[in-house]
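Visitor: My questions all concern the structure below.
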Amino acid sequence: MQSSERKLSQLRQLEAESIQIIREAAAEFDNPVMMYSVGKDSSVMLRLAEKAFSPGTLPFPLLHVDTTWKFQDMYRYRDKIEANLKGELIKYTNPEGVAMGMNPFDFGSKKYTDVMKTDGLKQALTKYEFDCAFGGARRDEEKSRAKERIFSFRDSHHQWDPKNQRPELWNVYNAKIKKGENVRVFPLSNWTELDVWLYVWLEKIQVVPLYFAKERPVVERSGTWILVDDDRMRLEKGEKPQMKKVRFRTLGCYPLSGAVESEADTVPKVIQEMLLNRFSERQGRLIDFDEEGSMEVKKREGYF
Amino acid sequence: MTDDKDLIRDDIEAYLAKYQKKEMLRFVSVGSVDDGKSTLIGRILYDTGMVFEDQMAAVRAASQTEEPDLALLTDGLKAEREQGITIDVAYRYFATDKRKFIIADTPGHIQYTRNMVTGASTADVALILIDARHGVLEQSRRHAYIASLLGIPHLAVCVNKMDLKDYSQEVYEAISAEFTEFGKTLRFKDIQFFPISALVGDNVVSDSENTPWYDGPSVLGYLETVPIFADRNFDDFRYPVQYVIRPDLDYRGFAAEIASGVIAKGDEIVALPTGKPSKVIAIDTYDGELDEAFAGQSVTIRLEDEIDISRGDMIVKPDNLPRVTRRFDAHIVWLHERPLDTEKAYLVKHTTQTVRAQIDKVYFEVDMGTLEEKPSNGIELNDIAKVRLSCHRALYVDDYQKNRETGAFIVIDTLTNNTVAAGMIALEDSDQNIDDVMKELHAESAMEPKTFVSPNERMERFGQRGATIWLTGLPGSGRWTLAYALERKLFDEGRTATVVSPVGEDLRSMISAAKAVTDAGLINICAFPSPTRKDRDELTARIGEDRVIQVYVNTDEALCRERRPDVDTSNFEPPEDPDITVALDQMRIDNAVALILEALKERGQFEA
């Protein structure tokens with residue numbers, strides 16, 4: 041960071057801009073919350089928030105919308121974060137979904153995601169009356185996100201209308217809303233996947249071990265490896281778990297997250313592999329394969 | 002990227018060390034759909050190896066041509082692909098060996114200015130495309146003008162589709178010469194020209210053999226090397242406080258991103274608006290203390306003295322003050338479908354301050370064809386104008402062309418909360434020392450005490466126009482009865498109406514009361530005696546002719562006398578030209594009410 045030249049490297053510039061965004065939202069909204077998905081982007085966002093208010097504590101709670109089908113490693117990691125957190129971590133699960141016995145096997149990935157993730161998030165935001173929710177989404181993740189605002193306005197039904205977004209100029213963010221409306225704030229908007237990994241590496245941020253290659257019991261489905269993470273996993277006829285050295289590029293609910301075969305067991309190796317294999321980020325997430333432009337549909341419905 | 006590939010393979014840590022130190026450059030790409038802008042961006046992304054295999058597969062599948070249509074790489078949302086146009090600013094990211102880039106890709110056609118202004122606000126470079134076949138068009142000049150207005154320091158003009166003009170040096174030079182001449186009227190630090198073909202790839206990422214007469218850099222080569230470091234303002238320290246960090250009684254830090262300038266431990270400062278001086282005792286970050294911090298860094302400053310500072314205040318240096326003022330001139334770009342209402346109060350957000358403000362004067366509008374000043378007949382979506390603003394509280398501002406951070410503001414509609422305009426402050430040079438600043442801060446509000454609610458806003462709120470329904474008639478004609486029946490009916494229909502009961506015997510005070518209620522956007526019903534024509538002329542003149550509805554309650558004279566034998570009616574002059582006439586001896590009162598209501602609707606008194 042110290043430089044006689046008074047020049048910020050691109051990563052330090054991104055960091056400074058993200059901190060400005062987080063402070064601005066924390067100052068302007070009455071009741072903000074930071075979405076915490078346990079993934080690497082959330083971990084980076086959390087570090088940026090700690091930097092923004094250091095030496096003070098976070099002026100807002102974290103929120104984990106728990107679908108109950110996350111990887112066991114993610115729960116362990118989350119609990120570790122919670123233990124060290126000088127603040128509150130709210131865990132929320134859609135009670136209706138639980139009552140329905142919602143799971144990704146019997147209900148299909150779309151229905152399951154709608155209920156446990158999208159509805160769960162909306163319920164939590166409504167229940168706690170949050171008027172601002174920080175999210176770790178990046179514009180480079182997917183085409184429809186390339187136009188997402190940093191302060192992204194949602195109506196009182198938590199809906200995003202791509203044609204009705206406020207113009208966003210300079211770093212002057214409009215945080216004015218009416219009661220019941222809310223804003224999703226994306227401090228990592230301008231970060232790329234490479235930036236996030238680089239930051240994890242430079243800042244020595246601990247991330248869930250699933251990001252690193254290890255022998256794991258998996259089965260092959262739709263051309264990707266699905267981890268047999270606990271005994272709730274339903275094996276299809278003839279399916280037999282086998283040990284493969286795999287890692288995950290994105291983390292979600294284990295029956296819906298595809299792993300890739302890999303030898304990368306450190307951050308630099310992960311980055312190396314990522315750069316040498318040019319595949320886009322969300323390929324490992326089964327839910328995006330429904331239809332072209334599906335992320336846009338999900339966003340309109342209130343998914344992050 | 003290609004040169005880096007070996008390094009990634011052989012020594013990833015060395016690559017990462019190199020990558021993280023890269024400088025970031027933001028540029029906005031400007032042009033209409035036909036100029037080939039999407040193709041140029043697609044070409045840059047493709048040729049720098051930034052396109053993933055699966056993205057390329059999708060593009061190949063969606064292309065209607067044999068060659069992959071690179072423009073599809075950047076055309077994002079479903080809705081816009083269906084319409085065949087890009088409707089919003091999209092951001093793209095790529096990196097080369099030398100720099101990391103953020104592209105703000107702004108679409109042509111509808112809402113053009115709005116989108117371009119958004120993308121241009123943070124850009125270091127504007128990339129403008131000119132079709133070699135058409136030369137410098139009106140819109141190329143317009144784009145350059147907006148880029149200059151938004152303070153973009155560097156302009157890159159790509160003369161595209163050179164392949165369709167046989168790579169003619171004459172064509173290229175004629176366009177460059179014409180544009181150079183025009184560019185002299187603008188404020189770019191430099192303008193660079195490129196003869197390119199986005200479709201074929203000439204001079205985009207590498208030099209082209211098709212233009213042996215051109216020895217300048219490729220577009221990418223230029224973007225990788227154009228010096229942007231000196232573009233930031235390191236001279237004027239401006240620290241708009243975002244957040245006060247107070248974990249315990251012993252620590253009080255003021256957090257902000259340094260808008261401009263440099264600050265070092267031990268520096269003397271002054272806090273605005275209190276004018277209190279102090280000294281910086283520490284510049285804190287999560288990663289430890291700094292001796293010095295500069296524009297663009299997010300830090301936390303601690304001061305020697307316990308002075309009162311909160312969000313929206315600004316820490317500056319005593320020998321280098323911003324202009325402290327409630328009134329200033331600015332260029333604004335109107336971004337919303339709903340036009341500017343000069344009678345209404347808006348919110349202005351400037352750095353970390355949000356204040357009520359009014360745009361009380363439009364000096365001129367910019368004719369987007371000729372780029373010359375023209376008288377304004379109302380500021381609408383995509384209009385650019387120079388205006389004067391009055392704010393409720395003083396802002397700490399600089400001229401936008403000298404300081405983009407403290408010269409910029411947005412305008413927010415108080416009713417809808419939409420961002421309706423972007424503003425660039427235009428200051429004339431003048432010296433203001435700390436005494437002048439304190440005088441300004443302690444002066445009475447620069448805004449005249451007047452309403453911030455415009456008639457249009459009231460109309461929207463109430464769904465009606467303010468009006469006075471004035472009932473004229475002989476004593477005993479049933480005016481008051483009708484007035485109250487009408488009030489009830491209007492109320493039942495969801496209107497906001499009231500009968501103002503007589504206050505004393507004085508017609509003048511009655512007229513004043515009626516006017517006040519009408520100004521408030523309500524429907525006032527008045528039956529106070531106004532027997533003479535002079536009386537009625539006076540009231541229409543004072544309340545406003547278009548806001549008065551005259552109802553003549555023409556009840557049979559004999560009947561009136563019978564009801565009120567005590568009153569002398571000799572001075573009564575029947576209205577000559579009432580808007581509505583009703584005779585209460587001939588119709589039921591609710592029919593009379595219905596008649597008046599019908600007439601009100603016909604006059605457009607209510608919003609549909």
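Heads up: the sequence lines are chains A and B, in that order. If you count by the working numbering, then the first sequence holds residues 41 to 344, one letter each, in order. If you count by the working numbering, then the second sequence holds residues 2 to 609, one letter each, in order. Quick reminder that beta carbons are idealized off the backbone N, C-alpha and C, glycines included. These figures come from a predicted structure and were not determined experimentally.
1) Can you find a C-beta in chain A that's less than 8 Å from the C-beta of F453(B)?
2) So which residues on chain A does T226(B) lean against when the C-beta distance must stay under 7 Å?
3) Is R1(B) buried or exposed, if buried means 16 or more other CB atoms sit within 10 Å of its CB?
4) Could you name the residues that DSSP lists as bridge partners for Q465(B)?
5) Run through the region 196-255 of chain B for me and flag every whole alpha helix (DSSP H) of 4 or more residues, listed as ranges in chain order.
6) May I ask which residues mark the beginning and end of the beta strand (DSSP E) holding P135(A)?
7) Would you mind giving the Cβ-Cβ distance between C293(A) and V223(A), rounded to the nearest angstrom? I have them listed as a contact below 8 Å.
8) Using a Cβ-Cβ cut-off of 6 Å (strictly less than) and excluding sequence neighbours within five positions of R143(B), which residues of its own chain qualify?
9) Does the region 329-339 of chain B touch the region 387-405 of chain B, meaning 3 or more C-beta pairs lie closer than 8 Å?
10) Would a check of beta-carbon distances place F180(B) closer than 8 Å to chain A?
11) Short of 8 Å in beta carbon distance, which residues of its chain neighbour V240(A), apart from the five on each side in sequence? Order them along the chain.
12) To which residues of the same chain is V73(A) closer than 6 Å at the C-beta, ignoring the five residues directly before and after it?
13) By a C-beta neighbour count over all protein chains shown, 10 Å radius and 16 as the cutoff for buried, is R247(B) buried or exposed?
14) Please report the residue range of the beta strand (DSSP E) in which A355(A) lies.
15) Please look up how many angstroms separate the CB atoms of P278(B) and D314(B), rounded, as I've assumed it's under 8 Å.
16) Are three or more beta carbon pairs between the region 193-201 of chain B and the region 168-181 of chain B nearer than 8 Å?
17) Mind checking which residues open and close the beta strand (DSSP E) that includes K277(B)?
18) Per DSSP, what are the beta-bridge partners of W335(B) in this structure?
19) Measure the C-alpha to C-alpha separation of Q354(B) and R287(A) and round it to an integer number of angstroms.
20) Going by the beta-carbon positions, is the gap between E301(A) and K284(A) smaller than 8 Å?
21) Can you check DSSP and say which residues form a bridge with P257(A)?
22) Considering only the beta carbon of each residue, do D292(B) and R303(B) sit closer than 8 Å?
23) Suppose you measure from the CA of D309(B) to the CA of A59(B); what does that come to, to the nearest Å?
24) Would E303(A) count as contacting chain B if we go by Cβ distances under 8 Å?
25) Under the rule that 16 or more other beta-carbon atoms within 10 Å means buried, what is P95(A), buried or exposed?
26) In whole angstroms, what separates the C-alpha of E14(B) from that of W265(A)?
27) At the level of alpha carbons, what is the spacing between R256(A) and L209(A)?
28) According to DSSP, what are the bridge partners of Y94(B)?
29) Tell me whether P319(B) is buried or exposed, calling it buried when 16 or more other Cβ atoms sit within 10 Å of its Cβ.
30) Anything in chain A within Cβ reach of K22(B), meaning under 7 Å, just list it in chain order.
31) On the CB-based measure, 16 or more other CB atoms within 10 Å of its CB, does Y555(B) come out buried or exposed?
32) Could you check whether the Cβ of Q312(A) sits closer than 8 Å to any Cβ belonging to chain B?
33) Short check: CB of S196(A) to CB of G220(A), under 8 Å?
34) With a threshold of 8 Å between beta-carbons, can T108(A) be considered close to chain B, or not?
35) Check Q50(A) in the structure and name its three-state DSSP category.
36) If contacts are defined as beta-carbon pairs under 8 Å, then D232(B) and D89(B) qualify, I think. What distance do you get, rounded to the angstrom?
Guide: The answer reads as follows:
1) Residue mapping note: residue 453(B) aligns to position 452 of the second sequence, counting from 1. Not an interface residue.
2) As a working mapping, residue 226(B) is identified with position 225 in the second sequence. Under the 7 Å cutoff, chain A gives no residues; its nearest Cβ is about 15 Å from T226(B).
3) Because chain B in this structure spans residues 2 to 609, residue 1(B) falls outside the shown range and cannot be described.
4) If you number the second sequence from 1, residue 465(B) lands on position 464. Per DSSP, F607(B).
5) Runs of the alpha helix (DSSP H) lying entirely within the region 196-255 of chain B and spanning at least 4 residues, in chain order: 220-226.
6) What you label residue 135(A) is simply residue 95 of the first sequence in a count that begins at 1. Membership of P135(A) in any beta strand (DSSP E) is not indicated; the residue belongs instead to the alpha helix (DSSP H) covering 135-139.
7) Counting from one through the first sequence, the residue named residue 293(A) turns up at place 253. Counting from one through the first sequence, the residue named residue 223(A) turns up at place 183. A Cβ-Cβ separation of about 26 Å leaves C293(A) out of contact with V223(A) under the 8 Å criterion.
8) Residue numbering aside, residue 143(B) sits at position 142 when the second sequence is read from its first letter. Once the five neighbours on either side are set aside, the close Cβ partners of R143(B) are M369.
9) The region 387-405 of chain B is in contact with the region 329-339 of chain B.
10) If you number the second sequence from 1, residue 180(B) lands on position 179. No, F180(B) does not count as interfacial toward chain A.
11) Within the first sequence, numbered from 1, the residue matching residue 240(A) stands at position 200. Cβ within range, chain order: K80, S83, V84, V247, V307.
12) Translated into positions along the first sequence, residue 73(A) becomes position 33. Within its own chain, the residues whose Cβ lies closer than 6 Å to the Cβ of V73(A), once the five positions on either side in sequence are excluded, are F100, P101, L103, F170, A173, listed in chain order.
13) Counting from one through the second sequence, the residue named residue 247(B) turns up at place 246. The residue in question, R247(B), is exposed, as its Cβ has fewer than 16 Cβ neighbours within 10 Å.
14) The first residue shown for chain A is 41 and the last is 344, placing residue 355(A) beyond what the model contains.
15) On the second sequence, residue 278(B) is found 277 positions in, with the first residue counted as 1. On the second sequence, residue 314(B) is found 313 positions in, with the first residue counted as 1. So it is not a contact: roughly 14 Å between Cβ atoms.
16) Inter-segment contact for the region 193-201 of chain B and the region 168-181 of chain B is present: three or more beta-carbon pairs are separated by less than 8 Å.
17) For the purposes of this step, residue 277(B) is taken as residue 276 along the second sequence, with counting starting at 1. Where K277(B) is concerned, the enclosing beta strand (DSSP E) starts and stops at 277-285.
18) Walking along the second sequence from the start, residue 335(B) turns up at place 334. Looking at the DSSP assignment, W335(B) forms a beta bridge with A422(B).
19) The residue given as residue 354(B) occupies position 353 in the second sequence. The residue given as residue 287(A) occupies position 247 in the first sequence. Cα-Cα distance, rounded: 47 Å.
20) Here residue 301(A) corresponds to residue number 261 of the first sequence, with the count starting at 1. Here residue 284(A) corresponds to residue number 244 of the first sequence, with the count starting at 1. Going by C-beta atoms, E301(A) is nearer than 8 Å to K284(A).
21) The residue given as residue 257(A) occupies position 217 in the first sequence. Answer is M283(A).
22) Along the second sequence, one-based indexing puts residue 292(B) at 291. Along the second sequence, one-based indexing puts residue 303(B) at 302. It is not a contact, given that the beta carbons lie outside the stated cut-off.
23) Here residue 309(B) refers to the residue found at position 308 of the second sequence. Here residue 59(B) refers to the residue found at position 58 of the second sequence. Cα to Cα, the separation comes out at about 58 Å.
24) In the first sequence, residue 303(A) corresponds to position 263, counting from 1. It does not: the Cβ of E303(A) has no partner Cβ on chain B nearer than 8 Å.
25) As a working mapping, residue 95(A) is identified with position 55 in the first sequence. Within 10 angstroms of the beta-carbon of P95(A) lie fewer than 16 other beta-carbons, which makes it exposed.
26) In the second sequence, residue 14(B) corresponds to position 13, counting from 1. In the first sequence, residue 265(A) corresponds to position 225, counting from 1. Straight through space, the alpha carbons of W265(A) and E14(B) are spaced by roughly 29 Å.
27) Position 216 of the first sequence holds residue 256(A). Position 169 of the first sequence holds residue 209(A). When rounded, the distance between both Cα atoms is 47 Å.
28) As a first step, residue 94(B) is located in the second sequence; it is residue number 93 there, counting from the start. Beta-bridge pairing links Y94(B) to I103(B).
29) Your numbering for residue 319(B) matches position 318 in the second sequence. P319(B) counts as exposed, since fewer than 16 other C-beta atoms from the protein chains shown sit within 10 angstroms of its C-beta.
30) By one-based count along the second sequence, residue 22(B) stands at place 21. Residues of chain A whose Cβ lies closer than 7 Å to the Cβ of K22(B) are, in chain order, S49.
31) Here residue 555(B) corresponds to residue number 554 of the second sequence, with the count starting at 1. One point to set straight first is that residue 555(B) is Asn, not Tyr, in the sequence displayed. By the neighbour-count criterion, in which 16 or more other beta carbons inside 10 Å mark a residue as buried, N555(B) falls on the buried side.
32) Taking the first sequence and counting its residues from 1, the one referred to as residue 312(A) is at position 272. Chain B, which has a Cβ nearer than 8 Å to the Cβ of Q312(A), makes this yes.
33) Your numbering for residue 196(A) matches position 156 in the first sequence. Your numbering for residue 220(A) matches position 180 in the first sequence. Cβ atoms of S196(A) and G220(A): closer than 8 Å.
34) To locate residue 108(A), count along the first sequence from 1; it is residue 68. Not an interface residue.
35) In the first sequence, the residue the question calls residue 50(A) occupies position 10. Here Q50(A) carries a helix assignment [DSSP, helix/strand/coil].
36) On the second sequence, position 231 is the one that residue 232(B) refers to. On the second sequence, position 88 is the one that residue 89(B) refers to. Contact flag wrong, Cβ pair sits at about 26 Å.
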